[in-house]
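Here the structure is laid out as structure tokens; the discussion comes afterwards.
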Amino acid sequence: MTATPLHTERRTLLTVFCEASLEPLLVRDMDRLGVGGYTISDARGKGSRGVRDASWDEARNIRVEVICARAQAEALLAHLQARYYANYAMVAYLSEVEVLRPEKF
Amino acid sequence: MDPVILFFLFGLAAGLLRSELKLPGALYDSLTIFLLLAIGLKGGQGLATQPLAPLVPQILAVIVLGCVQTLLAFAVLRWLFGFDRPNAAATAAHYGSVSVATFAVAAAWFAARAIPVEPQMAVILAVMEVPAILVGIVLARGVDKDTDWKALGHEAFLGKGVTLLLGGMAIGWAAGPKGLEPVSALYFDLFKGILALFLLEMGLIVSRQVGELRRRGLSLIAFGIGMPVLSAGLGLGTGWLLGLSVGGMAMLATLAASASYIAVPAAMRIAVPQANPAVSLAGALGVTFPFNIIAGIPLYHWMASRLAGATP
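The listed protein sequences derive, respectively, from chains R and F. Position 35 of the first sequence, counting from 1, maps to 35 under this note's numbering, and the rest follow consecutively. The number in this note's numbering is simply the position in the second sequence, starting from 1, with 1000 added.
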């Protein structure tokens, strides 16, 4: 049996942690910037703005993940920094990932 | 003391002692949905038995009341307590709006004492959520071209609270008391038990405001108690002008005194991001909510009885 080598390509993963109240705004931003797909999940944790334990509306966090081309991820990150960093609980970072089916991203 | 208040105190104590007790976030959501629907249904079935035309002046009056309260709270916070403009505006919006949990406790308190309250108070609860949000936003940033009124209007009028209250009311009104009988065991008979569970969770949430209260010192506590009493006076006056019963006046005073922690924080977070949400919530939840449900409601009822007794 011979294993076929996986053919992967590099894309950029943008991960954002922020307060849940921003979800509708972020979704709108991503649609506007032409992001093809994203995943949003509930999250909890602690940071400079205190414990966010998701016990009720105002203490809820989300994690947003977007896999896309480097340029688009950088544009989105720059927008987040300009628009939200000053006043909202938000952490965002880029990382390189390898994906199958590159045409999806 | 009412058992529902004891549940609240139990939650508060468990939170302050850093107990492991934690209710799932989804339960808090579910209980909120239940309370909003139950209050809407109750109001709606009451409205089904009376003409709706007298409601119009009452709705207009409470819109004015909500705006006046917000402006007053803003002035007090800005000039007396030295808040900056965004924080004064956001906190004022919390105090100009209303708290569903406080309304629910008051409804249970009046029901336990067989004090009649007009059914349209549920309509007034829904109406009073909104004006303070809009006034607060204008106070924080003025009226400029950038204001996205469509999004704000959507947030203010179609938020979870107003939608569920109005939906429940429409169902209650369309079905009437007879039609609601099959669901009344859940929504009316179990109301107090579910309210008690909700207040247990509220106690836990309130206990988390203590840190912020410590940082802010006495001024936030003074505002958190002074403002509701002042607002209750305005509410009583409005109720008296509208010719409400003693129960109705006391309920309107309670609504005026209560401070929002559902609709307003979410709207202010988006519309006035410079405001620190911890400050408004520590005031509304940490001070005003416990004050209203423990001391405020009996006080406002006493004030309403005196006002009704003084005027033949």
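Virtual Cβ for every residue (Gly too), placed ideally from N, Cα, C.
Beta-carbon separation (whole angstroms), residue i vs residue j, contact threshold 8 Å
i                 : j                 : result
Lys1042 (chain F) : Ala1122 (chain F) : 6 Å
Leu1204 (chain F) : Leu1021 (chain F) : 7 Å
Ile1133 (chain F) : Ser1184 (chain F) : That pair is no contact at about 33 Å.
Leu1047 (chain F) : Pro1119 (chain F) : 5 Å
Val66 (chain R)   : Leu14 (chain R)   : 5 Å
Gly1176 (chain F) : Gln1045 (chain F) : 6 Å
Within 9 Å, strictly: CB atoms of residue i and residue j
i                 : j                 : result
Ala20 (chain R)   : Asn61 (chain R)   : yes
Thr8 (chain R)    : Glu74 (chain R)   : no
Leu1220 (chain F) : Val1272 (chain F) : no
Asn1292 (chain F) : Ser1099 (chain F) : yes
Ile1039 (chain F) : Ala1093 (chain F) : no
Ala92 (chain R)   : Leu80 (chain R)   : yes
Ala1284 (chain F) : Gly1224 (chain F) : yes
Val1210 (chain F) : Phe1008 (chain F) : no
Leu76 (chain R)   : Asp31 (chain R)   : no
Pro1331 (chain F) : Ser1245 (chain F) : Summary: the structure shown does not reach residue 1331 (chain F), with chain F confined to residues 1001 through 1312, and so no result is reported for it.
Gly1233 (chain F) : Ala1253 (chain F) : yes
Glu23 (chain R)   : Pro1277 (chain F) : no
Ile1297 (chain F) : Ala1101 (chain F) : no
Gln1239 (chain F) : Ala1250 (chain F) : Inspection of the sequence shows that residue 1239 (chain F) is occupied by Gly rather than by Gln. Their beta carbons are under 9 Å apart, which means Gly1239 (chain F) touches Ala1250 (chain F) by this criterion.
Phe17 (chain R)   : Arg63 (chain R)   : yes
Tyr1028 (chain F) : Trp56 (chain R)   : yes
Phe1110 (chain F) : Gly1309 (chain F) : no
Ile1270 (chain F) : Leu25 (chain R)   : yes
Val1135 (chain F) : Gly1066 (chain F) : yes
Coarse secondary structure for residue i, derived from DSSP in three states
i                 : result
Asn87 (chain R)   : coil
Val1138 (chain F) : helix
Pro1003 (chain F) : helix
Val1068 (chain F) : helix
Ala92 (chain R)   : strand
Arg1018 (chain F) : coil
Gly996 (chain F)  : Summary: the structure shown does not reach residue 996 (chain F), with chain F confined to residues 1001 through 1312, and so no result is reported for it.
Val99 (chain R)   : strand
Arg52 (chain R)   : strand
Gly1211 (chain F) : helix
Gly1296 (chain F) : helix
Gly1286 (chain F) : helix
Gly36 (chain R)   : coil
Pro1054 (chain F) : coil
The beta strand (DSSP E) enclosing residue i, as first and last residue numbers
i                 : result
Thr1163 (chain F) : First-last for Thr1163 (chain F): Lys1160 to Gly1179, but that is the alpha helix (DSSP H), not the beta strand (DSSP E).
Arg10 (chain R)   : Glu9 to Glu19
Ala43 (chain R)   : Thr39 to Ala43
Arg63 (chain R)   : Asn61 to Cys68
Endpoints, the alpha helix (DSSP H) within which residue i is located
i                 : result
Gly1237 (chain F) : Leu1218 to Leu1241
Asp31 (chain R)   : Glu23 to Arg32
Trp1079 (chain F) : No alpha helix (DSSP H) holds Trp1079 (chain F); DSSP gives it neither H nor E.
Tyr1095 (chain F) : Arg1085 to Gly1096
Thr1254 (chain F) : Val1246 to Ala1257
Lys104 (chain R)  : That residue, Lys104 (chain R), is in no alpha helix (DSSP H); it is neither H nor E in DSSP.
Arg1269 (chain F) : Ala1263 to Ala1271
Thr1102 (chain F) : Val1100 to Ala1112
Glu1155 (chain F) : Trp1149 to Phe1157
Val1130 (chain F) : Premise fails: Val1130 (chain F) is in no alpha helix (DSSP H) and is neither H nor E.
Pro1277 (chain F) : Pro1277 to Leu1281
Three CB pairs or more closer than 8 Å across the region 1199–1206 of chain F and the region 1063–1076 of chain F: no
Count Cβ pairs between the region 1083–1098 of chain F and the region 1138–1157 of chain F that sit closer than 8 Å; are there 3 or more? yes
Given 8 Å as the limit, is there contact between the region 1165–1174 of chain F and the region 1251–1265 of chain F, that is, 3 or more CB pairs closer than that? no
Quick test of the definition: if touching needs 3 or more C-beta pairs under 8 Å, does the region 1122–1138 of chain F touch the region 1062–1070 of chain F? yes
Taking contact to mean 3 or more Cβ pairs, one atom from each stretch, closer than 8 Å, check whether the region 1204–1217 of chain F and the region 1291–1304 of chain F are in contact. no
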